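Written below as structure tokens is the structure these notes are about.
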Amino acid sequence: MAPANALPTDLDVLVIGTGAGGAPLLARLAQAGLKVAALEAGVRHPPEGIATDEVAQLGLFWTDERLSAGNDPVGFGRNNSGRGVGGSTLHYTAYTPRAQPDDLKLRTEFGQGEDWPLEFSELEPYYDELEYFLGVSGPENYPWGPQRKSSYRHPPLPLNGAARLMQKACAEIGMKTSPAANAALSRPQEQEGYGTRHTCTNRGFCQAGCSIGAKASMDVTFLALAESLGAQIVDGAQVTALTMKDGRVTGAEFMRGQELEHLSAKTVILAAGAVETPRLLLMNGLANSSGQVGRNFMAHVGMQVWGQVDDDLRPYKGIPGGLISEDTHRVPGLIGGYLLQSLGVMPVTYATQYARGTLKWGPELVQHLRGYNHVAGINVLGECLPYEHNYLELSDELDGRGLPKPRIHFSFGENEKKMNAHAEALMRDLWGRIGARDVWALPRAAHTLGTARMGADPETSVVNPFGRTHDIENLWICDNSTFTSSLSVNPALTQMALSLRTADALVEGLKQA
Amino acid sequence: MTTKEREAILAMLNSAHVTEPTRRALLERLNARYGHEFFDEVEFGRLRALAVRLVPHDPAEMDLAGTVDHRLIVGIGDGWRYADALPDGEAYRELLAALPEGFETLNGDAQDAAIPAVQSSHPHAFEDLLAELTEAFMAHPVTQYRFGYAGFADAPEWPHVGPNELEPREEAYGPR
Ligand SMILES: Cc1cc2nc3c(=O)[nH]c(=O)nc-3n(C[C@H](O)[C@H](O)[C@H](O)COP(=O)(O)OP(=O)(O)OC[C@H]3O[C@@H](n4cnc5c(N)ncnc54)[C@H](O)[C@@H]3O)c2cc1C
Ligand code: SF4
Chain A
32 MAPANALPTD LDVLVIGTGA GGAPLLARLA QAGLKVAALE AGVRHPPEGI ATDEVAQLGL
92 FWTDERLSAG NDPVGFGRNN SGRGVGGSTL HYTAYTPRAQ PDDLKLRTEF GQGEDWPLEF
152 SELEPYYDEL EYFLGVSGPE NYPWGPQRKS SYRHPPLPLN GAARLMQKAC AEIGMKTSPA
212 ANAALSRPQE QEGYGTRHTC TNRGFCQAGC SIGAKASMDV TFLALAESLG AQIVDGAQVT
272 ALTMKDGRVT GAEFMRGQEL EHLSAKTVIL AAGAVETPRL LLMNGLANSS GQVGRNFMAH
332 VGMQVWGQVD DDLRPYKGIP GGLISEDTHR VPGLIGGYLL QSLGVMPVTY ATQYARGTLK
392 WGPELVQHLR GYNHVAGINV LGECLPYEHN YLELSDELDG RGLPKPRIHF SFGENEKKMN
452 AHAEALMRDL WGRIGARDVW ALPRAAHTLG TARMGADPET SVVNPFGRTH DIENLWICDN
512 STFTSSLSVN PALTQMALSL RTADALVEGL KQA
Chain B
679 MTTKEREAIL AMLNSAHVTE PTRRALLERL NARYGHEFFD EVEFGRLRAL AVRLVPHDPA
739 EMDLAGTVDH RLIVGIGDGW RYADALPDGE AYRELLAALP EGFETLNGDA QDAAIPAVQS
799 SHPHAFEDLL AELTEAFMAH PVTQYRFGYA GFADAPEWPH VGPNELEPRE EAYGPR
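Chains as they are written, first to last, in the numbering used here: chain A, 32 to 544; chain B, 679 to 854.
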């Protein structure tokens, strides 16, 4: 731990959280010559200290207890929330599809859901920039969405067993597939501020952290760049309150070890993720004139179907999300759509999901797990609409720091139920075609989105289209909480695009002021 | 675990195929024994008996019940719990108390027959405990060896990832 007197002073911008939302803008603001620092609740996890073992890697996840309510309670921790210098990108699967233009216009297209207060054309240049900077590996011609300006920087990663089986099954029913885009290197890459990042060794443990820096987590990309440009990252520092004066935010109070400390800055950006950001705002009674803080919680439809085959597949090998199809981007009868992805899986994750998903026990359980090397998975990731009935609130139960634990209510609506049914039938059909046995389906929801949504109207949203809170001029939010709708793709790449866009808007505003 | 199994596991863990942080974690787990601090004698006896029925294993070679007790003492959870459930430790205590008198002394079949009732009266605690025991079981080096799982031996790369494309170290690991 750095001594307290090493804390930065005279900050232009203080960022809270160093994940997909906090990291890109930290680098961008440092690049623009601003004096910036970040407070991060978690600690540093250098690649060489990462074990190839899920239990040993639990420290990458946010394990403070959250209370899950509703008809379809969401699992947190390993399912969706990280903690550490790099945030959830330390354990994301690095699967980086772009949103499609119509994802941003659900209300226009269907009369339900919400439109984003921005256009695809505003995100596109950031997507281009990010895919190059992160070193995304992907196909030469990606078959869905608008024509890209250029191919991915690196060729696709090799397809593992599950990916090849999905390829075969989809071909039988005329579904188009493609190697996925992954922010993991199929060739070495020089990374400004970091050094050489090595080629992915196909160890399949992305969700427990990458031990060789092949995966574009924020620590080996944007945060390394930011630090090389003078940004300071204070780790092990959990913000417990924002400080205010005359309607402006003046900084943040945080706990480092047992110490309560304070950092002040001219501008504060909350990037603590879609549970901790609204929790902090609600605890402080801030930025909530709309009453929307904590509202519209969304979690992607994430049904998985698993089966076992005779082939020795070794599902721990290869990038876990190898093959994709976006042919189900629009399906008659559904609002929005979903994508399909092959799944590799680590043993403990598979085993606990099987136990929770089937509630099998005794010899039957062990017999099934014995077949782990033969497991193949396939899953979807699909639109979840914002609803009144899905929200985050503060409970009366206190955590170890004496702060209220968040309670998150989540129930699938009609559209998500229909999507689950459609997806399950499709995936069961596909896995039937490869001759899988012991096929079972796990209905689940993944990612935390939308508890401080962006919009043009201060009555119905928390932040403006660039991420500045409507209520407090120098308080911004940049993380998954600002998502207006869930999108039918994984969130990290779009989050990073929003982060760069917020940074550019902030710098532009400062120039004009 | 037989001597032969233990030797095979140690040989792999101590080989150059395993990175140092991975080796440290797995060696520690291979030998871990916890006993009980959170649960009292009676509760722990029931937990161990229940654990053996839920996830069949030999407590002498892997201490799954002790792992649960230890986790409750350390106080680190998995980041969430059902809003309408008691905190893990209390929930488990209630589940154990709901088992019939003398559960730990019943024979296996009688124990199995008693389990569905507590599963339906305490569904969340049952699910959480089952998942936690399954995790400890699957993460154990002995289980991994018996299931022929070699994914931790990744210090060299895995150049081949297609079906049936095994490296010699993968093929060799596990019962023949
Ligand atoms: C297992 C897994 C796999 C995933 N795979 C993919 C994938 O393949 N593709 C994809 O697009 N997305 C994936 N995601 C989701 C993706 O990682 C997130 O969408 C993204 O990282 C969210 O960015 P964020 O900035 O909102 O939050 P995070 O990245 O979670 O960052 C928030 C940071 O804030 C810190 N923080 C929180 N509260 C405080 C506080 N009070 N004080 C200080 N710091 C605080 C946290 O410790 C954390 O580091 C995955 C997630 C998980 C869990
Ligand atoms: S599969 Fe590749 S990117 Fe993922 S953890 Fe392994 S080496 Fe890193």
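Quick reminder that beta carbons are idealized off the backbone N, C-alpha and C, glycines included. This structure is a prediction, so every number in the text was calculated from the model and none was measured.
Inter-residue Cα distance where the pair is residue i and residue j
{"i": "A:Val280", "j": "A:Phe443", "result": "36 angstroms"}
{"i": "A:Leu70", "j": "A:Leu425", "result": "23 angstroms"}
{"i": "A:Met249", "j": "A:Ala382", "result": "29 angstroms"}
{"i": "A:Thr515", "j": "A:Glu203", "result": "37 angstroms"}
{"i": "A:Thr274", "j": "A:Asn191", "result": "50 angstroms"}
{"i": "A:Met450", "j": "A:Ala476", "result": "12 angstroms"}
{"i": "B:Ala814", "j": "A:Trp147", "result": "44 angstroms"}
{"i": "A:Arg129", "j": "B:Arg847", "result": "38 angstroms"}
{"i": "A:Lys391", "j": "A:Ala214", "result": "36 angstroms"}
{"i": "A:Met329", "j": "A:Met485", "result": "14 angstroms"}
{"i": "A:Arg361", "j": "A:Gln335", "result": "19 angstroms"}
{"i": "A:Gln398", "j": "A:Tyr385", "result": "12 angstroms"}
{"i": "A:Val376", "j": "B:Val733", "result": "21 angstroms"}
{"i": "A:Cys245", "j": "B:Leu725", "result": "The sequence given here has Ala at residue 245 of chain A, not Cys. Spanning the two alpha carbons is a distance of roughly 43 angstroms."}
{"i": "A:Ala33", "j": "A:Val265", "result": "Unreliable positioning characterises A:Ala33 in this predicted model, as indicated by a pLDDT of 49, which lies under 50. The coordinate reading is nonetheless provided below. Straight-line Cα distance between these residues: approximately 8 angstroms."}
{"i": "A:Ala487", "j": "A:Asn495", "result": "6 angstroms"}
{"i": "A:Ser530", "j": "B:Phe830", "result": "35 angstroms"}
{"i": "B:Gly767", "j": "B:Tyr760", "result": "13 angstroms"}
{"i": "A:Lys348", "j": "A:Ser519", "result": "27 angstroms"}
{"i": "A:Ala35", "j": "A:Phe285", "result": "Per-residue confidence for A:Ala35 stands at a pLDDT of 49, beneath the threshold of 50, marking its modelled position as unreliable; no derived number is given."}
Residue i vs residue j beta-carbon contact at 8 angstroms
{"i": "A:Lys436", "j": "A:Glu96", "result": "yes"}
{"i": "A:Leu374", "j": "A:Thr359", "result": "no"}
{"i": "A:Gly481", "j": "A:Thr533", "result": "no"}
{"i": "B:Gly757", "j": "A:Ser112", "result": "yes"}
{"i": "A:Thr380", "j": "A:Glu153", "result": "no"}
{"i": "A:Ala239", "j": "A:Ala61", "result": "no"}
{"i": "A:Lys199", "j": "A:Ser356", "result": "no"}
{"i": "A:Asp502", "j": "A:Ala296", "result": "no"}
{"i": "A:Leu7", "j": "A:Leu294", "result": "Within the shown structure, residues of chain A are numbered from 32 to 544, placing residue 7 of chain A beyond reach of any answer."}
{"i": "A:Ala407", "j": "A:Pro474", "result": "no"}
{"i": "B:Gly755", "j": "A:Thr94", "result": "yes"}
{"i": "A:Ala63", "j": "A:Arg114", "result": "no"}
{"i": "A:Tyr422", "j": "A:His440", "result": "yes"}
heavy atom of ligand 2 below 7 angstroms from residue i C-beta
{"i": "B:Thr697", "result": "no"}
{"i": "A:Thr380", "result": "no"}
{"i": "A:Ala215", "result": "yes"}
{"i": "B:Gly829", "result": "no"}
{"i": "A:Phe236", "result": "yes"}
Nearest neighbour of residue i, chosen from the options [CA to CA]
{"i": "B:Ala743", "options": "B:Phe716, B:Leu777, B:Val820", "result": "B:Phe716"}
{"i": "A:Glu171", "options": "A:Phe164, A:His185, A:Glu160", "result": "A:His185"}
{"i": "B:Ala686", "options": "B:Tyr827, B:Glu721, B:Gly767, B:Ile754", "result": "B:Tyr827"}
{"i": "A:Asp510", "options": "A:Leu56, A:Ile439, A:Val44", "result": "A:Leu56"}
{"i": "A:Ile243", "options": "A:Ala262, A:Ser217, A:Pro189, A:Arg464", "result": "A:Ser217"}
{"i": "A:Pro77", "options": "A:Gln143, A:Tyr225, A:Gly169", "result": "A:Tyr225"}
{"i": "B:Ile751", "options": "B:Leu774, B:His714, B:Ala803, B:Ser799", "result": "B:His714"}
{"i": "A:Val46", "options": "A:Ala211, A:Gln269, A:Ala212", "result": "A:Gln269"}
{"i": "A:Val74", "options": "A:Val470, A:Arg287, A:Thr491", "result": "A:Arg287"}
{"i": "B:Asp806", "options": "B:Ala850, B:Asp790, B:Arg854, B:Ala729", "result": "B:Ala729"}
{"i": "A:Arg459", "options": "A:Arg387, A:Ala544, A:Gly338, A:Thr227", "result": "A:Gly338"}
{"i": "A:Arg468", "options": "A:Gln526, A:Asp341, A:Pro363", "result": "A:Asp341"}
Residues near residue i in its chain [Cβ-Cβ closer than 8 angstroms; skip 5 each side]
{"i": "B:Ala792", "result": "Leu777, Pro778, Phe781, Leu784"}
{"i": "A:Asp41", "result": "Lys66"}
{"i": "B:Gly852", "result": "Tyr823, Arg824, Phe825, Gly826, Tyr827, Ala828"}
{"i": "A:Leu188", "result": "Ser168, Pro210, Asn213, Ala215, Ser217, Cys231, Asn233, Gly349, Ile350, Gly353"}
Closer than 7 angstroms: residue i CB and nearest ligand 1 heavy atom
{"i": "A:Ser373", "result": "no"}
{"i": "A:Tyr123", "result": "yes"}
{"i": "A:Tyr126", "result": "yes"}
{"i": "A:Asp250", "result": "no"}
{"i": "A:Asn511", "result": "yes"}
{"i": "A:Gln269", "result": "yes"}
{"i": "A:Ser517", "result": "no"}
Cβ shell of residue i (< 6 angstroms), same chain only, five flanking positions each side left out
{"i": "B:Pro837", "result": "none"}
{"i": "A:Ala54", "result": "Met249, Phe253, Leu254"}
7 angstroms Cβ shell around residue i - same chain, five flanking residues per side excluded
{"i": "A:Ala536", "result": "Phe497"}
Minimum Cβ-Cβ distance from residue i to chain D less than 8 angstroms
{"i": "B:Thr697", "result": "Looking at the structure shown, chain D is missing, and the protein chains on hand are A and B."}
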